[in-house]
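Only one structure is covered here, and it is reproduced in the block below.
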Amino acid sequence: MSQLIATFAVIEAFLHQKFADDDPERGNVTIEHVLWALGVIAIAGIVVYAITNYVTGKAAGIQ
Numbered sequence: 101m102s103q104l105i106a107t108f109a110v111i112e113a114f115l116h117q118k119f120a121d122d123d124p125e126r127g128n129v130t131i132e133h134v135l136w137a138l139g140v141i142a143i144a145g146i147v148v149y150a151i152t153n154y155v156t157g158k159a160a161g162i163q
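Using our numbering, you'd call the opening residue of the sequence shown number 101 and step up by one each time.
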């Protein structure tokens, strides 16, 4: 039983050391990339919507 407790103590110490980083800038690059990706997807969606409406309008005028 004491070996199990020692193992958990070592794991806890490792995780505490790994996640105790108090860097306030941590994750900013990832958030920036996500926001850029969402912006590009939104712009692409608007372009596709505009082209679809244009083509549909021209197709309706053919008949």
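Virtual Cβ for every residue (Gly too), placed ideally from N, Cα, C.
Fair warning: this is a prediction, and the values are worked out from it, not measured in the lab.
- Rounded to whole angstroms, the separation of the alpha carbons of Gln117 and Ala109 is 12 Å.
- Rounded to the nearest whole angstrom, the C-alpha separation of Ala159 and Thr152 is 10 Å.
- CA-to-CA, the gap between Ile105 and Gly139 works out to about 49 Å.
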